[in-house]
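Peer 1: When we follow my numbering, the leftmost residue of the sequence shown carries the number 42, and every step to the right adds one. The C-beta atom is built at its ideal place from N, Cα and C for all residues, glycine as well. Quantities reported herein were computed from a predicted structural model and do not represent experimental measurements.
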Amino acid sequence: ESTDRYTASLGYDAANYGGGLIFTSEDQTGDDTKDTSFGGGIYFRPDGFPTISIALDRLDDENGTNSTDFFVGLDHPLGDGTLSAAWQARDNAGTDLTNYEVYYNYPINDGVSVQGGIFQEEVNGSDNTQGVVVETFFSF
Numbered sequence: 042e043s044t045d046r047y048t049a050s051l052g053y054d055a056a057n058y059g060g061g062l063i064f065t066s067e068d069q070t071g072d073d074t075k076d077t078s079f080g081g082g083i084y085f086r087p088d089g090f091p092t093i094s095i096a097l098d099r100l101d102d103e104n105g106t107n108s109t110d111f112f113v114g115l116d117h118p119l120g121d122g123t124l125s126a127a128w129q130a131r132d133n134a135g136t137d138l139t140n141y142e143v144y145y146n147y148p149i150n151d152g153v154s155v156q157g158g159i160f161q162e163e164v165n166g167s168d169n170t171q172g173v174v175v176e177t178f179f180s181f
């Protein structure tokens with residue numbers, strides 16, 4: 042017997058806005074449960090303001106490990122690169138998690154960019170985590 046998974050998605054993209062929806066249903070053969078998830082997101086790009094992205098995802102697990110994620114992100118051109126900030130709130134079976142990040146992506150040339158940023162992760166009942174990240178992206 043195998044795991045059966047069904048996915049349906051719908052999206053729309055225009056010049057200054059767009060969005061999408063996705064639904065997934067999965068029968069787990071290992072523990073005989075059925076998981077379903079639903080997510081939706083939108084973005085809009087008002088003239089002279091940052092691009093704003095908002096998303097909500099929900100997982101319903103028959104075992105009771107349901108989770109909900111809510112995201113908000115901002116992207117704004119600054120100099121030759123893009124300054125971005127994001128916030129995430131997650132409830133995973135009663136454990137609350139909040140993430141914050143701010144980063145700057147700078148293109149070195151057509152195929153290479155460098156991104157540096159800071160982040161903080163707050164977990165209900167645990168120590169917080171902070172960090173600094175520098176990444177390099179290559180495209181061919």
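Measure the beta-carbon distance from F179 to G152 and round it to whole angstroms, keeping in mind my assumption that it falls under 8 Å.
Peer 2: The Cβ separation is near 6 Å, so the contact holds.
Peer 1: Report the three-state DSSP secondary structure of E103 (helix, strand or coil).
Peer 2: It is coil, neither helix nor strand.
Peer 1: Classify S167: buried if its beta carbon has 16 or more other beta carbons within 10 angstroms, exposed otherwise.
Peer 2: Exposed, by the Cβ-count rule.
Peer 1: Do T177 and V155 have their beta-carbon atoms positioned less than 8 Å apart in this structure?
Peer 2: Against a cut-off of 8 Å, the Cβ pair of T177 and V155 comes out as a contact.
Peer 1: Can you give, in chain order, each stretch of the beta strand (DSSP E) that sits fully within the segment 55-132 and has at least 3 residues?
Peer 2: Taking only runs of at least 3 residues, the beta strand (DSSP E) segments lying wholly in the segment 55-132 are 58-69, 74-85, 92-102 and 108-119.
Peer 1: Compute the Euclidean distance between the alpha carbons of V173 and F160, then round it to the nearest angstrom.
Peer 2: Approximately 7 Å, taken between the alpha carbons.
Peer 1: DSSP state of D151, grouped into three classes?
Peer 2: If DSSP states are grouped into helix, strand and coil, D151 belongs with coil.
Peer 1: Buried or exposed for S50, going by 16 or more other Cβ atoms inside 10 Å?
Peer 2: Classification for S50: exposed.
Peer 1: So what's N140 in DSSP terms, helix, strand or just coil?
Peer 2: Note: N140 maps to strand in three-state DSSP.
Peer 1: Round the Cβ separation of G82 and G60 to the nearest angstrom and send it over; I've been treating them as touching at under 8 Å.
Peer 2: At roughly 6 Å, the Cβ-Cβ gap stays under 8 Å, so G82 and G60 are in contact.
Peer 1: Go to G135, then tell me how far its beta strand (DSSP E) extends in each direction, as first and last residue.
Peer 2: No beta strand (DSSP E) contains G135, which DSSP labels as neither H nor E.
Peer 1: Less than 6 Å between C-beta atoms, sequence neighbours within five positions excluded: which residues of the same chain meet that for E67?
Peer 2: Counting only Cβ-Cβ distances below 6 Å, and skipping sequence neighbours, we find R46 and D76.
Peer 1: Less than 6 Å between C-beta atoms, sequence neighbours within five positions excluded: which residues of the same chain meet that for A96?
Peer 2: Closer than 6 Å at the Cβ level, and outside the excluded window around A96, lie G82 and F112.
Peer 1: Using the three-state DSSP reduction, which class does N169 fall into: helix, strand or coil?
Peer 2: Three-state result, N169: coil.
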